[in-house]
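S.K.: So the number in the numbering used here is just where the residue sits in the sequence shown, counting from 1, plus 279.
Ideal placement from N, C-alpha and C gives every residue a C-beta, glycine not left out.
Since the structure is predicted, the reported quantities are computational estimates derived from the model, not experimental observations.
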Amino acid sequence: MTDIEIQHTFPASADTVWSWIGRTGDIASWIPAITTSRVDEDNVRHVVFADGEPARERITAFADDARTYTYTYIDGPLPLKHYESTISVTESTDGGADVRWAASFGAESAEVEAELATAISGIYSDALAELENQIGAA
Numbered sequence: 280m281t282d283i284e285i286q287h288t289f290p291a292s293a294d295t296v297w298s299w300i301g302r303t304g305d306i307a308s309w310i311p312a313i314t315t316s317r318v319d320e321d322n323v324r325h326v327v328f329a330d331g332e333p334a335r336e337r338i339t340a341f342a343d344d345a346r347t348y349t350y351t352y353i354d355g356p357l358p359l360k361h362y363e364s365t366i367s368v369t370e371s372t373d374g375g376a377d378v379r380w381a382a383s384f385g386a387e388s389a390e391v392e393a394e395l396a397t398a399i400s401g402i403y404s405d406a407l408a409e410l411e412n413q414i415g416a417a
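#1: Along the chain, where does the alpha helix (DSSP H) containing residue 294 start, and where does it finish?
#2: Per DSSP, which residues does residue 366 bridge with? Please list them.
#3: Going by beta carbon distance, what residues of the same chain come within less than 8 angstroms of residue 329, once the five residues before and after it are set aside?
#4: If you check the beta carbons only, do residue 356 and residue 391 fall under 8 angstroms apart?
#5: Closest to residue 351 by C-alpha separation, out of 322, 375 and 378, would be which residue?
#6: Helix or strand or just coil, what does DSSP make of residue 374?
#7: Locate the beta strand (DSSP E) running through residue 310, then write down its first and last residues.
#8: Could you tell me the boundaries of the beta strand (DSSP E) in which residue 356 lies?
#9: Does the segment 286-296 come into contact with the segment 359-376, if we say contact requires no fewer than three beta-carbon pairs (one atom in each stretch) closer than 8 angstroms?
#10: Using CA atoms only, rank isn't needed, just tell me which of 388, 308, 342 and 325 is closest to residue 368.
#11: Straight-line CA distance for residue 364 to residue 295?
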């Protein structure tokens, strides 16, 4: 198993940042690696990556008041044996917001896990930078 964690501080309030992140079916609006996203009535999120590959994730926990949710990878192009990720938004000491996006996952080998860790960390970092740009432009 491999664990990754990306943290990002936003100048916007935690409520403002959560108003974007908490829309679990609208992640394509701020994650550049994803072109479309929606959540069905069974809390399954359907996404299409920029390369056209579809994937499905299940929202397993959602706490609006705590500004956090967790999801797991069901299927798609990534060679994952297990994947669980949690994203949460908290107030920072300066009135902005701190976002923590963490994942734990397994793959067929340590080498593949290392490659996936690099790729997923990049997706998370790029997404949070894009989200900050969009919130600043809103």
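M.R.: The structure says:
#1: By 1-based counting over the sequence shown, the position of residue 294 is 15. Note, residue 294: alpha helix (DSSP H), 293-300.
#2: Here residue 366 corresponds to residue number 87 of the sequence shown, with the count starting at 1. Paired residue(s): 348 and 380.
#3: Stepping through the sequence shown from its first residue, residue 329 is reached at position 50. Within the same chain, 311, 312, 313 and 314 come within 8 angstroms of residue 329 by CB-CB distance, once the 5 residues on both sides are set aside.
#4: To locate residue 356, count along the sequence shown from 1; it is residue 77. To locate residue 391, count along the sequence shown from 1; it is residue 112. The Cβ atoms of residue 356 and residue 391 lie no closer than 8 angstroms to each other.
#5: For the purposes of this step, residue 351 is taken as the residue at position 72 of the sequence shown. Minimum Cα distance to residue 351 is reached at 322.
#6: Within the sequence shown, the letter at position 95 stands for residue 374. Looking at residue 374 - three-state DSSP - the assignment turns out to be coil, as it is neither helix nor strand.
#7: Residue 310 sits at position 31 when you count from the first residue of the sequence shown. That residue, residue 310, is in no beta strand (DSSP E); it is neither H nor E in DSSP.
#8: Walking along the sequence shown from the start, residue 356 turns up at place 77. Taken as a continuous stretch (DSSP letters only), residue 356 belongs to no beta strand (DSSP E), as it is neither H nor E.
#9: Taking 8 angstroms as the limit for Cβ pairs, the verdict is that the segment 359-376 does touch the segment 286-296.
#10: Your numbering for residue 368 matches position 89 in the sequence shown. Comparing Cα-Cα distances from residue 368 to each of 388, 308, 342 and 325, the minimum goes to 342.
#11: Start at 1 with the first residue of the sequence shown, and residue 364 comes out as number 85. Start at 1 with the first residue of the sequence shown, and residue 295 comes out as number 16. Each residue's Cα considered, the two are about 21 angstroms apart.
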